[in-house]
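Undergrad: Chains as they are written, first to last, in this note's numbering: chain L, 15 to 104; chain E, 41 to 420. Glycine residues also receive a C-beta, built at the ideal position from the N, C-alpha and C atoms. So that we are looking at the same thing, I have put the structure below in structure tokens.
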């Protein structure tokens with residue numbers, strides 16, 4: 015697995031939820047980057063958050079009790095996007 | 041030197057952090073919310089939403105929609121909510137921002153509107169609202185404080201009555217937001233409209249519309265949101281559903297700074313200061329012979345907003361003279377003819393003198409002296 019593959023991309027149900035997630039990530043001092051959602055993951059030109067795969071469990075703990083709706087978490091394996099985590103929250 | 045006494049129209053001066061935030065946004069903040077790489081603007085707007093949410097006890101800041109002003113918020117709410125045949129209860133103290141949309145909806149959608157009459161002082165008796173609910177109604181819409189005379193109502197009782205009758209409660213908080221503590225859950229508010237540039241102390245061109253969880257209305261404005269662009273319909277999620285088009289983000293960043301200023305100062309501190317200011321102004325005005333003050337007699341339930349007149353004279357005479365003497369006020373009907381009818385100042389209206397939390401205290405004394413001079417001249 016190369017460096018890119020060690021990263022996960024988190025999609026949200028709304029821009030607002032992605033901003034709330036960013037706020038939580040900053041407070042938790044986790045390294046992340048807001049990115050334009052890769053086209054393969056949807057054609058709605060939304061924003062996604064990229065962070066290390068190893069930080070995903072901690073991230074999910076942080077957002078799970080804040081009613082942030084995560085649409086899905088994806089990572090690339092051999093150039094293909096695969097879903098790591100089904101939608102949660104709501 | 042001009043003394044500013046038109047705070048009910050828009051607050052002046054603005055807190056220094058607001059000026060600094062807008063200046064910084066204009067000079068160094070790049071991008072357009074939802075439409076530019078990087079998310080500095082979105083994050084600033086998120087901060088504003090969170091600050092507004094904290095101020096009003098709103099748990100989900102996504103339920104706060106940014107608007108241009110209270111009028112656009114009220115239009116969004118009323119046109120988005122009301123349907124053919126709905127019955128609406130409102131009051132005789134409303135601003136045209138509520139009156140005109142309701143009249144239009146009566147003409148175009150056949151809603152019925154029942155008007156609960158306020159007292160001569162401008163207060164609404166919640167028991168009159170309860171009586172109006174002897175038949176089912178979809179919505180109660182009323183202001184918290186009058187833009188004409190500063191009379192403010194205990195809204196928690198209205199919220200309770202509304203919910204007991206399975207009726208929605210919409211508050212026009214244009215004059216009260218930033219001064220009178222509001223908690224949307226305690227006060228049982230389903231929809232709320234506020235302007236950002238009055239007592240919220242933000243820049244003009246800003247406002248909010250709050251929709252409680254479960255309140256589902258149609259958008260009034262359609263267009264790009266920077267999200268879900270592959271769809272030809274508006275997104276379902278808030279706030280984007282109601283925020284088509286580029287927001288006044290420079291102004292809204294200033295509004296966020298204003299909300300934080302209010303939180304840091306303390307809403308109760310601001311409230312106590314404004315009630316004391318209203319009492320001081322009333323005491324000074326009462327000493328001036330030949331001056332008639334309309335609205336509340338006592339100061340406890342009055343914000344510092346005073347419609348004044350010299351009996352038998354056109355208020356425009358007094359307003360113009362004050363203008364010449366360097367006092368900025370607002371003369372006329374203040375976009376609220378119903379309210380002037382209620383407190384007995386229709387059709388001529390009044391000179392409205394209004395102050396706010398940041399009105400310099402020494403200006404009050406200068407106002408009193410100038411007003412005395414003006415009245416003496418008019419009576420001569």
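(1) Determine which residues of the segment 274-301 of chain E have a Cβ less than 8 Å from any Cβ of chain L, and write them out in chain order.
(2) Examine chain L for any beta-carbon lying closer than 8 Å to the beta-carbon of residue 82 (chain E), and answer yes or no.
(3) Cβ atoms of residue 177 (chain E) and residue 207 (chain E): under 8 Å apart, would you say?
(4) Quick check on DSSP: helix, strand or coil for residue 134 (chain E)?
(5) Can you tell me the Cα-Cα spacing of residue 55 (chain E) and residue 336 (chain E), whole angstroms?
(6) Could you name each continuous alpha helix (DSSP H) segment of 4 residues or more that falls completely within the segment 148-172 of chain E, going from the start of the chain to the end?
(7) Distance cutoff 8 Å, beta carbons only. Does residue 62 (chain L) sit that close to anything in chain E?
(8) Hey, is the segment 22-37 of chain L in contact with the segment 78-95 of chain L, meaning 3+ C-beta pairs nearer than 8 Å?
(9) Per DSSP, residue 234 (chain E) forms a beta bridge with which residues?
(10) May I have the straight-line CA-CA distance separating residue 185 (chain E) from residue 219 (chain E), to the nearest angstrom?
(11) Let me check understanding here. Comparing Cα to Cα, which of E:289, E:259 and E:327 lies closest to residue 65 (chain E)?
(12) At 4 residues or longer, and completely inside the segment 173-220 of chain E: list those alpha helix (DSSP H) runs for me, N to C.
(13) Within this structure, are the beta carbons of residue 117 (chain E) and residue 229 (chain E) separated by less than 8 Å?
(14) Check for me: the alpha helix (DSSP H) holding residue 282 (chain E) runs from which residue to which?
(15) Please give the ranges of any beta strand (DSSP E) in the segment 50-79 of chain L, keeping only runs that are unbroken, at least 3 residues long and fully inside the region.
(16) Taking the alpha carbon of residue 109 (chain E) as the point to measure from, which residue in E:319, E:247 and E:141 has its own alpha carbon closest?
(17) Report back the beta-carbon spacing between residue 395 (chain E) and residue 234 (chain E) to the nearest angstrom; my notes put them in contact at under 8 Å.
(18) Report the rounded CA-to-CA distance for residue 43 (chain L) versus residue 168 (chain E), giving the unit in angstroms.
(19) If residue 129 (chain E) sits next to residue 154 (chain E), beta carbons under 8 Å apart, how far is it from one beta carbon to the other, in whole angstroms?
(20) Short check: CB of residue 354 (chain E) to CB of residue 388 (chain E), under 8 Å?
(21) What residue does the beta strand (DSSP E) around residue 85 (chain L) start on, and which one ends it?
(22) Please name the residue or residues paired with residue 104 (chain E) in a DSSP beta bridge.
(23) Go ahead and pull the three-state DSSP assignment for residue 339 (chain E).
(24) Is residue 51 (chain E) closer than 8 Å to residue 319 (chain E) when the C-beta atoms are compared?
(25) So, does the CB of residue 104 (chain L) fall closer than 8 Å to a CB anywhere in chain E?
(26) Using 8 Å as the threshold, is the segment 41-48 of chain E in touch with the segment 46-53 of chain L, meaning 3 or more CB pairs across them?
(27) Alpha carbon to alpha carbon, how far is residue 165 (chain E) from residue 390 (chain E)? Give it in angstroms, no decimals.
(28) Cβ of residue 48 (chain L) less than 8 Å from any chain E Cβ?
(29) For a cutoff of 8 Å on Cβ pairs, would you count residue 102 (chain E) as touching chain L?
(30) Can you give me, in chain order, the residues of the segment 18-38 of chain L that have a beta carbon less than 8 Å from any beta carbon in chain E?
(31) Looking at the unbroken alpha helix (DSSP H) that takes in residue 68 (chain E), where does it start and where does it end?
(32) From residue 48 (chain L) to residue 98 (chain E), what distance separates their C-alpha atoms?
(33) Let me confirm a value: residue 143 (chain E) is counted as buried when at least 16 other C-beta atoms fall within 10 Å, else exposed. Which label applies?
(34) For residue 96 (chain E), would you say it is in contact with chain L, using Cβ-to-Cβ distances shorter than 8 Å as the test?
(35) Quick check: residue 29 (chain L) and residue 63 (chain L), are their CB atoms within less than 8 Å of each other?
(36) By DSSP's criteria, residue 129 (chain E) is part of a beta bridge. Which residues make up the other side?
TA: Inspection of the coordinates gives the following:
(1) Legend: CB atoms of the segment 274-301 of chain E lying less than 8 Å from CB atoms of chain L belong to residues 275, 277, 278, 279 and 280.
(2) Using a Cβ-Cβ cut-off of 8 Å, residue 82 (chain E) counts as an interface residue toward chain L, since at least one Cβ of chain L sits closer than that to its own.
(3) yes
(4) coil
(5) If you take the alpha carbons of residue 55 (chain E) and residue 336 (chain E), they lie about 29 Å apart.
(6) 166-172
(7) no
(8) yes
(9) E:248
(10) 10 Å
(11) E:289
(12) You should have 195-204.
(13) no
(14) Residue 282 (chain E) -> no alpha helix (DSSP H), and no H or E assigned at all.
(15) 61-66
(16) E:247
(17) That belief does not hold up - the Cβ atoms of residue 395 (chain E) and residue 234 (chain E) are roughly 19 Å apart, past 8 Å.
(18) When rounded, the distance between both Cα atoms is 55 Å.
(19) 5 Å
(20) yes
(21) Counted as a single uninterrupted DSSP element, the beta strand (DSSP E) harbouring residue 85 (chain L) occupies residues 84-91.
(22) E:250
(23) coil
(24) The Cβ atoms of residue 319 (chain E) and residue 51 (chain E) do not sit closer than 8 Å to each other.
(25) Note that residue 104 (chain L) scores a pLDDT of 46, beneath 50, so its modelled location is shaky and nothing firm can be said.
(26) no
(27) 24 Å
(28) Yes - at least one Cβ of chain E is within 8 Å of the one on residue 48 (chain L).
(29) yes
(30) Within the segment 18-38 of chain L, the qualifying residues are 27, 28, 29, 30, 31, 33, 34, 36 and 37.
(31) 56-68
(32) Their Cα atoms are separated by approximately 26 Å.
(33) exposed
(34) Not closer than 8 Å to any Cβ of chain L, the Cβ of residue 96 (chain E) fails to qualify, so no.
(35) no
(36) E:154 and E:180
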